[in-house]
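I have placed the structure first, in the form of structure tokens, so that the comments after it can refer back to it.
Number of protein chains: 2
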Amino acid sequence: MLTEDQRERLEVVLVSPRNPLNIGAVARAMANFGFGRLTVVAPYAPHWREARSAVGAPELLTHARETATLADAVEQCTLVAGTGTLTYRKPESKVVRLPELPLLIAGELARGVRIALVFGPEKHGLTREDLSYCHVLVEVPTDARQPSMNLGQAVAVCLYELAVRACLSDLSPQETAQKPGAPSGILDLVAGLVEETMRAAGYSPRSMQAANRHDLRLMLRRLALSEPDARRVLGLFRRVLWRLKPKPGIDDKSY
Amino acid sequence: MLTEDQRERLEVVLVSPRNPLNIGAVARAMANFGFGRLTVVAPYAPHWREARSAVGAPELLTHARETATLADAVEQCTLVAGTGTLTYRKPESKVVRLPELPLLIAGELARGVRIALVFGPEKHGLTREDLSYCHVLVEVPTDARQPSMNLGQAVAVCLYELAVRACLSDLSPQETAQKPGAPSGILDLVAGLVEETMRAAGYSPRSMQAANRHDLRLMLRRLALSEPDARRVLGLFRRVLWRLKPKPGIDDKSY
Numbered sequence: 003m004l005t006e007d008q009r010e011r012l013e014v015v016l017v018s019p020r021n022p023l024n025i026g027a028v029a030r031a032m033a034n035f036g037f038g039r040l041t042v043v044a045p046y047a048p049h050w051r052e053a054r055s056a057v058g059a060p061e062l063l064t065h066a067r068e069t070a071t072l073a074d075a076v077e078q079c080t081l082v083a084g085t086g087t088l089t090y091r092k093p094e095s096k097v098v099r100l101p102e103l104p105l106l107i108a109g110e111l112a113r114g115v116r117i118a119l120v121f122g123p124e125k126h127g128l129t130r131e132d133l134s135y136c137h138v139l140v141e142v143p144t145d146a147r148q149p150s151m152n153l154g155q156a157v158a159v160c161l162y163e164l165a166v167r168a169c170l171s172d173l174s175p176q177e178t179a180q181k182p183g184a185p186s187g188i189l190d191l192v193a194g195l196v197e198e199t200m201r202a203a204g205y206s207p208r209s210m211q212a213a214n215r216h217d218l219r220l221m222l223r224r225l226a227l228s229e230p231d232a233r234r235v236l237g238l239f240r241r242v243l244w245r246l247k248p249k250p251g252i253d254d255k256s257y
Numbered sequence: 003m004l005t006e007d008q009r010e011r012l013e014v015v016l017v018s019p020r021n022p023l024n025i026g027a028v029a030r031a032m033a034n035f036g037f038g039r040l041t042v043v044a045p046y047a048p049h050w051r052e053a054r055s056a057v058g059a060p061e062l063l064t065h066a067r068e069t070a071t072l073a074d075a076v077e078q079c080t081l082v083a084g085t086g087t088l089t090y091r092k093p094e095s096k097v098v099r100l101p102e103l104p105l106l107i108a109g110e111l112a113r114g115v116r117i118a119l120v121f122g123p124e125k126h127g128l129t130r131e132d133l134s135y136c137h138v139l140v141e142v143p144t145d146a147r148q149p150s151m152n153l154g155q156a157v158a159v160c161l162y163e164l165a166v167r168a169c170l171s172d173l174s175p176q177e178t179a180q181k182p183g184a185p186s187g188i189l190d191l192v193a194g195l196v197e198e199t200m201r202a203a204g205y206s207p208r209s210m211q212a213a214n215r216h217d218l219r220l221m222l223r224r225l226a227l228s229e230p231d232a233r234r235v236l237g238l239f240r241r242v243l244w245r246l247k248p249k250p251g252i253d254d255k256s257y
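If you read the sequences in order, they're chains A and U. Each number in the numbering used here corresponds to the 1-based position in the first sequence with 2 added. Each number in the numbering used here corresponds to the 1-based position in the second sequence with 2 added.
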């Protein structure tokens with residue numbers, strides 16, 4: 003079983019949920035399985051905190067965070083796990099089947115880091131853009147004839163799996179000794195700086211910028227940079243950028 | 003994974019569900035995990051088949067059975083598993099934690115019998131009376147501070163566990179060689195006949211009849227009678243009853 007402290011470091015993130023009843027059902031499932039931290043990204047209904055379906059968990063909604071973007075929501079997290087089925091997706095990130103998630107999560111939680119479990123909007127689930135902020139795509143193994151789950155039910159199934167099976171005693175000390183990765187917020191800083199550098203170096207034509215940004219986010223998550231690594235990369239790119247940018251008072255032509 | 007034929011022999015039974023939206027959500031979860039047989043016992047709303055929440059599964063509702071009693075719903079089933087938490091219950095039947103259910107179910111399904119997974123009404127779950135029709139109580143391991151689950155979410159969690167983990171390859175031939183138990187309908191016949199016999203023998207005072215009936219149902223399920231055993235018991239009690247009852251034309255006083 004997960005400890006209270008480990009549960010506190012797991013954040014459930016809902017991206018653009020439309021129906022407050024579903025948000026309430028998510029809060030109820032979280033309370034059922036002993037999780038308390040909820041973040042709602044760009045919710046559709048302003049009064050989502052008052053969902054009557056949050057039976058036994060209204061204070062969980064009261065204390066939930068609201069952020070404008072997924073990047074803001076997962077800024078502090080070292081492992082970001084998006085959820086969905088593979089039926090309509092060609093995954094670009096690493097795929098983990100839900101029954102394998104507890105071992106992965108337990109290993110990360112044992113390192114003392116923060117983790118996010120991310121769920122997409124009711125209609126279509128997480129977009130390709132959303133998934134570029136995720137280190138792994140967690141596949142809920144549903145029937146190919148009816149793969150799409152109700153939001154509250156998907157959260158209940160995932161949290162049940164984690165609450166019941168994330169058993170730390172299964173992990174060898176070797177597995178937990180690995181260095182924790184860099185939090186998402188630092189990866190986004192790196193990505194921003196690399197992009198600025200590409201622009202300053204005239205490397206990336208304007209038409210390619212969105213696609214490059216997407217691929218860059220995915221690549222940085224695949225690399226599994228540690229926080230010191232990420233800070234080293236930041237330092238290097240800051241230096242390069244400083245050299246690339248025209249200095250005030252010096253005529254560009256003189257280069 | 004369960005085969006199509008095994009999934010066909012697992013029946014989801016909802017006892018007196020109040021909200022058609024929950025019935026629809028149950029149908030959706032069943033379709034998500036590849037189960038198709040639903041029975042609704044004494045539903046509150048007459049138009050429950052039209053629930054709009056059955057996304058991707060309206061035909062499952064159309065083909066669902068409706069029965070007046072739980073006894074009718076599980077008549078053909080050899081293993082009846084009620085669901086709930088232990089927080090408000092002192093269980094009278096055998097208790098199985100949800101993560102242990104797949105092995106039990108797989109063993110039964112391998113014998114070719116029918117199984118029912120029974121869920122109680124939204125407000126209070128299965129009653130003591132309902133549970134006397136069940137061979138086991140399946141405990142969903144929820145947090146003691148908020149044990150009560152939403153109906154659709156409880157069904158999703160149970161079916162996920164069964165769909166993902168009921169793995170027949172884990173069973174030794176010895177375990178599956180055991181004789182299948184008698185279907186619930188035959189146990190109810192035995193119970194009815196025993197009760198009639200008790201009455202005819204003047205054994206059971208009228209005030210005790212309901213309590214005796216309850217205990218008898220539980221006892222017959224604990225015994226795990228095979229179908230031939232149950233038929234032998236039926237034969238014996240029919241004979242006893244025939245001897246006990248006054249014959250027409252013969253004066254009672256002559257005995």
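Beta carbons: idealized from backbone N, C-alpha and C, even for Gly.
Setting aside the 5 residues that flank it on each side, arginine 39 of chain U is surrounded in the same chain by Glu13, each with a C-beta closer than 6 Å to its C-beta; the list follows chain order.
When DSSP reads this structure, valine 242 of chain A sits in no beta bridge, so it has no partner. At least one CB atom of chain A sits nearer than 8 Å to the CB of proline 101 of chain U. Closest in C-alpha terms to leucine 133 of chain A, from the list A:Cys79, A:Glu124 and A:Val120, comes A:Val120.
A direct Cα-to-Cα measurement between methionine 210 of chain U and arginine 240 of chain U gives close to 22 Å.
The C-beta of proline 143 of chain U comes closer than 8 Å to at least one C-beta of chain A. Pairwise C-beta distances place the region 143-151 of chain A in contact with the region 84-100 of chain A, as three or more of them are shorter than 8 Å. For threonine 64 of chain U, same chain residues with a beta-carbon under 7 Å away, outside a window of 5 residues either side, are Arg51 in chain order.
For serine 150 of chain A, the chain U residues whose C-beta falls within less than 9 Å of its own C-beta are Arg30, Asn34, Val57 and Gly58, listed in chain order. The straight-line gap separating the alpha-carbon atoms of valine 140 of chain A and leucine 100 of chain A is approximately 6 Å. In summary, methionine 3 of chain U is exposed, with fewer than 16 beta-carbon neighbours lying within 10 Å of its beta-carbon over all protein chains present.
According to the DSSP assignment, leucine 88 of chain A belongs to no beta strand (DSSP E), since it is labelled neither H nor E.
It is roughly 12 Å from the alpha-carbon of glycine 114 of chain A to the alpha-carbon of threonine 5 of chain A. For the region 16-56 of chain A, the continuous alpha helix (DSSP H) assignments of 4+ residues that do not extend past its boundaries occur at 22-34, in sequence order. Here the alpha carbons of arginine 219 of chain A and aspartate 190 of chain A stand approximately 7 Å from one another. Taking 8 Å as the cut-off, the Cβ atoms of threonine 69 of chain U and arginine 116 of chain U do not count as close. As DSSP reads the structure, valine 138 of chain U sits in a beta bridge with U:Ala83 and U:Lys96. Contact between the region 197-207 of chain A and the region 223-233 of chain A is absent: fewer than 3 CB-CB pairs across the two stretches fall below 8 Å.
Judged by DSSP secondary structure, threonine 69 of chain U falls within the beta strand (DSSP E) whose first and last residues are 67-69.
Residues of chain A with a Cβ closer than 9 Å to the Cβ of alanine 53 of chain U do not exist, since the nearest Cβ in that chain sits about 12 Å away.
Under the 8 Å Cβ criterion, the region 27-38 of chain A counts as touching the region 150-159 of chain A, having at least three qualifying pairs. Glycine 183 of chain U carries a strand assignment under DSSP once its states are collapsed to helix, strand and coil. Checking the DSSP bridge columns, you'll see valine 14 of chain A partnered with A:Leu40 and A:Leu119. Secondary-structure assignment with DSSP links serine 228 of chain U through a beta bridge to U:Gly183.
In the structure shown, the three-state DSSP call for serine 209 of chain U is helix. Taking a beta-carbon distance threshold of 8 Å, valine 166 of chain U counts as an interface residue toward chain A. Ranked by Cα distance from glycine 58 of chain A, the options U:Lys125, U:Ala27, U:Asp74 and U:Ala66 are led by U:Lys125.
At least 8 Å separates the CB of alanine 66 of chain U from every CB of chain A. With contacts defined by Cβ atoms closer than 8 Å, proline 19 of chain A and proline 123 of chain A form a contacting pair. Here the alpha carbon of aspartate 217 of chain U sits roughly 30 Å from the alpha carbon of alanine 112 of chain U.
Measuring C-alpha to C-alpha distances from arginine 54 of chain A to each of A:Pro22, A:Ala83, A:Leu72 and A:Phe35 identifies A:Pro22 as the nearest.
Non-local beta-carbon contacts of leucine 243 of chain U in its own chain, meaning distances under 8 Å to residues more than five positions away in sequence, involve Leu195, Glu198, Thr199 and Ala202 in chain order. One finds Ala158, Val159 and Tyr162 in chain A with Cβ atoms closer than 7 Å to the Cβ of valine 159 of chain U, taken in chain order. Assigned with DSSP and collapsed to three states, glycine 194 of chain A falls in helix. When 9 Å is used as the limit between beta carbons, glutamine 8 of chain A is near no residue of chain U, the shortest such separation being about 14 Å. The beta-carbon separation of tyrosine 135 of chain A and alanine 73 of chain A, rounded to 6 Å, stays under the 8 Å limit for a contact.
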